[in-house]
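Heads up: the structure comes next, in structure tokens.
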Amino acid sequence: MTDTALAAMPALAESPPALTTTASLTQKTRRRRALAYIQAAPMALVFLLFFVVPLGLTVIVSFWAYNEYEIIPAFTVQNYVDVFEGCLNTTDACTTVRTYLSTLKFCVLTWVFTLLIGFTVAYFVAFHVRSRTMQMALFLVCTIPFWTSNVIRMISWIPLLGRNGLVNDTLMGMGLIKSPIEGLLYSDFSVVLAFVHLNTVFMIVPIFNSMARIDRALIEAAYDAGASGWQTLWNVVVPLAKPGIAIGSIFVVTLVMGDFVTVGVMGGQQIASVGKVIQVQMSALQLPAAAANAVVLLGAVMLMIVAMTRLIDLRKEL
Amino acid sequence: MSDRPRSLAFYALAAFFALFVAFLYGPTLTILVLSFQGPQGGLTFPMNGVSTHWFGKLWAGLGIVDIWGALWRSLRLGLVVMGLTVGIAFFAGLAFRKRFRGEGALFTVAVASLIVPSIVVSLGIGLEFRLLDEAVKWAATETGWGWLQEHGTLMGLYTSALGAHLTWTLPFGLLIMFAVFNRFDPAYEEAARDLGATGPQTLRHVVIPILGPSLVGVALFGFTLSFDELARTSQAIGGRNTLPLELQGLTTTVTTPEIYALGTLTTGMSLAVIGLALGTSLYLQRRKARAGLRLG
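From first to last, the protein sequence lines are chains A and B. Here the first sequence stands for residues 525 to 842, numbered as in the working numbering. Here the second sequence stands for residues 575 to 870, numbered as in the working numbering.
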């Protein structure tokens, strides 16, 4: 505001009284700046101590050697060689590649289901629920489970999916199957089911947020111009909801890629995942090996995020 | 659009939404019911009578696992994380409204902290504290100072675990503060300043009362996310576990409805906290609206 006032009155700005005002203003601004640093300092300190430094140390330690008793600060690339051991062999996929493929499979399946479900739910609440209060209430209904324990929400599938669980009992009672289906619990199926159950909220919230900002007049205009419901959805709503879709996708992909809890509990501790490899090496005190795996995982996740953001920007340009 | 009759699509989507809610809440309701299983009952239906037998067993303790100690630790840590999240995120939100050098970097780091896989963050913090311990041990042998000799580990509930939780709750807190300050009208502050209020007075009597309901929201995220946090805590806790870590261990060892009773209990606590937060937020909003009416 002061800038525009000064620009509008160049003659006045050059006179001595105006100069003193500017001087005291800059002093004020400087004090405001200093205050901003103090206010941001605690957060910066927390992230420095518990995020930036730890990540830096992880990269450094991933190049250190180790034996059964201790880690040795001597430079080596052995940890990375170990991660990719046997990967040059083309006939048989190595352990790392197989683990990543398995995790990637969970990732893609979870992404597809959470996106479809999350988009539909958000679309319903944002465009078909008419009162603002009702929208907020339904939005809350979708988010409340997010604030409760994930492990408990995983365990709660046991009475449904177990060998003598509700699903098998019901199907047998209806005479659809003769013997219980074995693979409902502790299988790829239950892992993906739990991932979708736990992570759909990460799609709903950002997509709903994007949809809530869409100008309703655009929908009216599409309708008046003779677009069908599907055409409006595909050509108006989906493009405008893309930022939300992107944010939700990044959340879901990173959560699944680094997971070891859901795969552990829902897979009966029998299914491999990248996060689990790191956890096992950590508890075996093979810290440099775990660090090298963590760096590779971080790289893979970053590549996926870059690819996703590229994909979205690319479409915007087309 | 709102004056048109409900279309077929509305009913189809409403049915889908209802199914989704059933999918979301159904399993939790199942274990809620099964936690009241009779003494002879098992992990699945049918119900073998109705009793509070398993709650009683839970109260007596789960064998060697110190479940009440873990619950107590998680509660205390959750409260500390909640307080710090509200305070730190609020002031960082204020800072971002002014311009400062490095704001882009701080925002990037906050978002990165949210999306870097938890196991990587946890491993990093675990490594950091192990190296710190090594450094202290080295210093102890080098200097021979008595007070350094007894050193165990710096890792613990209020050091490494607290830090790990803050890397998860602070980004949420900051993002909420951004959304809140975007809708905040600076005219209120200017009016306070014009009336001669100092900076702290403006905060205390104008900004905080107006933002109150949203700050309660940040507190809710701070507490619940910490209370249920597992992945980031796993490598950064040291010897004594939090409740979610114990729970994860129990999934493989406990084969009685005791674990459902524990689930009902913790879910009940979470719901109580959510209810309390939403109630407080609503109350503050109402009070604000009333005060606004009186002034108007």
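Ideal placement from N, C-alpha and C gives every residue a C-beta, glycine not left out.
Mark residue i as exposed unless 16 or more other C-beta atoms lie within 10 angstroms of its C-beta, in which case mark it buried.
i: N817 (chain A); result: buried
i: Y647 (chain A); result: buried
i: A749 (chain A); result: exposed
i: N603 (chain A); result: buried
i: F599 (chain A); result: exposed
i: T626 (chain B); result: exposed
i: T838 (chain B); result: buried
i: S808 (chain B); result: buried
i: E609 (chain A); result: exposed
i: N677 (chain A); result: The question names Asn, yet the displayed sequence has Arg at residue 677 (chain A). Buried: at least 16 other Cβ atoms inside 10 Å.
i: E803 (chain B); result: buried
In whole angstroms, what separates the C-alpha of residue i from that of residue j?
i: T772 (chain B); j: Y762 (chain B); result: 13 Å
i: F630 (chain A); j: Y857 (chain B); result: 43 Å
i: V624 (chain B); j: G612 (chain B); result: 5 Å
i: R814 (chain B); j: V649 (chain A); result: 43 Å
i: A568 (chain A); j: P669 (chain A); result: 31 Å
i: L777 (chain B); j: I784 (chain B); result: 10 Å
i: A529 (chain A); j: R673 (chain B); result: Residue placement at A529 (chain A) cannot be trusted, given a pLDDT of 38 that sits under 50; the coordinates are not used to answer.
i: L606 (chain B); j: L649 (chain B); result: 22 Å
i: V675 (chain A); j: M735 (chain A); result: 31 Å
i: A831 (chain A); j: L617 (chain B); result: 44 Å
i: T715 (chain B); j: Q723 (chain B); result: 8 Å
i: A751 (chain A); j: V570 (chain A); result: 51 Å
i: N692 (chain A); j: L582 (chain B); result: 34 Å
i: L700 (chain A); j: A805 (chain B); result: 40 Å
i: G866 (chain B); j: P774 (chain B); result: 22 Å
i: T778 (chain A); j: T833 (chain A); result: 14 Å
i: F619 (chain B); j: S703 (chain A); result: 17 Å
i: M696 (chain A); j: V621 (chain A); result: 40 Å
i: H725 (chain B); j: G698 (chain B); result: 22 Å
i: F591 (chain B); j: M658 (chain A); result: 13 Å
i: G799 (chain A); j: K552 (chain A); result: 50 Å
i: V780 (chain B); j: T619 (chain A); result: 59 Å
i: F664 (chain B); j: F670 (chain B); result: 10 Å
i: R757 (chain B); j: G786 (chain B); result: 14 Å
i: T692 (chain B); j: I731 (chain A); result: For the sequence presented, residue 692 (chain B) should be read as Ser rather than Thr. Their backbone Cα atoms lie some 23 Å apart in a straight line.
i: V825 (chain A); j: P566 (chain A); result: 28 Å
i: L593 (chain B); j: Q755 (chain A); result: 26 Å
i: R860 (chain B); j: M806 (chain A); result: 51 Å
i: R580 (chain B); j: I769 (chain A); result: 27 Å
i: A586 (chain B); j: F651 (chain A); result: 13 Å
i: L836 (chain B); j: G823 (chain A); result: 38 Å
i: T743 (chain B); j: P831 (chain B); result: 32 Å
i: R767 (chain B); j: R555 (chain A); result: 16 Å
i: I782 (chain B); j: A564 (chain A); result: 18 Å
Are the beta-carbon atoms belonging to residue i and residue j less than 8 Å from one another?
i: L799 (chain B); j: F746 (chain B); result: yes
i: A738 (chain B); j: V690 (chain B); result: no
i: L794 (chain B); j: A851 (chain B); result: yes
i: W633 (chain B); j: Y834 (chain B); result: no
i: H726 (chain A); j: G772 (chain A); result: Checking the sequence, you will find Phe at residue 726 (chain A) rather than His. Yes.
i: S855 (chain B); j: G791 (chain B); result: yes
i: L557 (chain B); j: I811 (chain B); result: One cannot answer for residue 557 (chain B) here, as it falls past the ends of chain B, which runs 575 to 870.
i: S797 (chain A); j: S626 (chain A); result: yes
i: T634 (chain A); j: V716 (chain A); result: yes
i: H817 (chain B); j: L645 (chain B); result: It is Leu, not His, that sits at residue 817 (chain B) in the sequence shown. Yes.
i: I848 (chain B); j: W671 (chain A); result: yes
Does at least one heavy atom of the ligand ADP sit under 7 Å from the Cβ of residue i?
i: G661 (chain B); result: Of the ligands one can find in the structure shown there are none, so the ligand ADP has no counterpart to examine.
Please list the partners that residue i has in chain C, where partner means a Cβ-to-Cβ separation under 7 Å.
i: I662 (chain B); result: The chain inventory of the structure shown lacks chain C, comprising the protein chains A and B.
The segment 713-728 of chain A touching the segment 637-652 of chain A, judged by at least three CB pairs closer than 8 Å: Enough Cβ pairs lie closer than 8 Å, so yes.
Contacting positions in the segment 677-695 of chain B - beta carbon closer than 7 Å to chain A: Answer in chain order: L680, V683, A684, S687, I689, V690, P691, S692, I693, V694, V695.
Cβ-based contacts, 8 Å cut-off: residues of the segment 696-707 of chain B near chain A: Within the segment 696-707 of chain B, those residues whose Cβ lies closer than 8 Å to any Cβ of chain A are, in chain order, L697, G698, I699, G700, L701, E702, R704, L705.
Interface residues of the segment 755-788 of chain B facing chain A [CB-CB below 7 Å]: Hits within the stretch: zero.
Selection of the segment 670-683 of chain A by Cβ proximity to chain B, strictly under 9 Å: Cβ contacts with chain B come from F670, W671, T672, S673, N674, V675, I676, R677, M678, I679, S680, W681, I682, P683.
Residues of the segment 793-806 of chain A whose Cβ lies closer than 7 Å to any Cβ of chain B, in chain order: Those would be Q793, G799, I802, Q803, M806, in chain order.
Three or more C-beta pairs below 8 Å linking the segment 802-813 of chain A and the segment 584-593 of chain A: Verdict: yes, contact present.
The segment 571-582 of chain A contacting the segment 675-687 of chain B, beta-carbon criterion three pairs below 8 Å: Enough Cβ pairs lie closer than 8 Å, so yes.
Residues of the segment 712-737 of chain B with Cβ closer than 7 Å to any Cβ of chain A, in chain order: Cβ contacts with chain A: G737.
Residues of the segment 766-777 of chain A whose Cβ lies closer than 8 Å to any Cβ of chain B, in chain order: Per Cβ criterion, the list reads I774, F775.
Residues in the segment 586-604 of chain A having any Cβ partner in chain B nearer than 8 Å: Flagged: no residues at all.
Short-range partners of chain B found in the segment 683-702 of chain A, where Cβ spacing is below 8 Å: Here the close residues are P683, L684, G686, N688, G689, L690, D693.
Chain A contacts made by the segment 617-639 of chain B, where a contact means CB separation under 8 Å: Hits within the stretch, in order: L617, T618, F619.
Stretch-stretch touch, CB-based, cutoff 8 Å, three pairs: the segment 651-665 of chain B with the segment 780-788 of chain A: Contact annotation: the segment 651-665 of chain B does not touch the segment 780-788 of chain A, with fewer than three C-beta pairs closer than 8 Å.
Near-chain B residues of the segment 804-835 of chain A - C-beta to any C-beta below 8 Å: Residues of the segment 804-835 of chain A whose Cβ lies closer than 8 Å to any Cβ of chain B, in chain order: M806, L811, A814, A815, A818, L821, L822, V825, I829.
Residues, ordered as in the chain, of the segment 822-840 of chain B that lie near chain A by beta-carbon distance below 7 Å: With the criterion set as a beta carbon lying under 7 Å from some beta carbon of chain A, the members of the segment 822-840 of chain B are Q822, T825, T826, I833, G837, T840, in sequence order.
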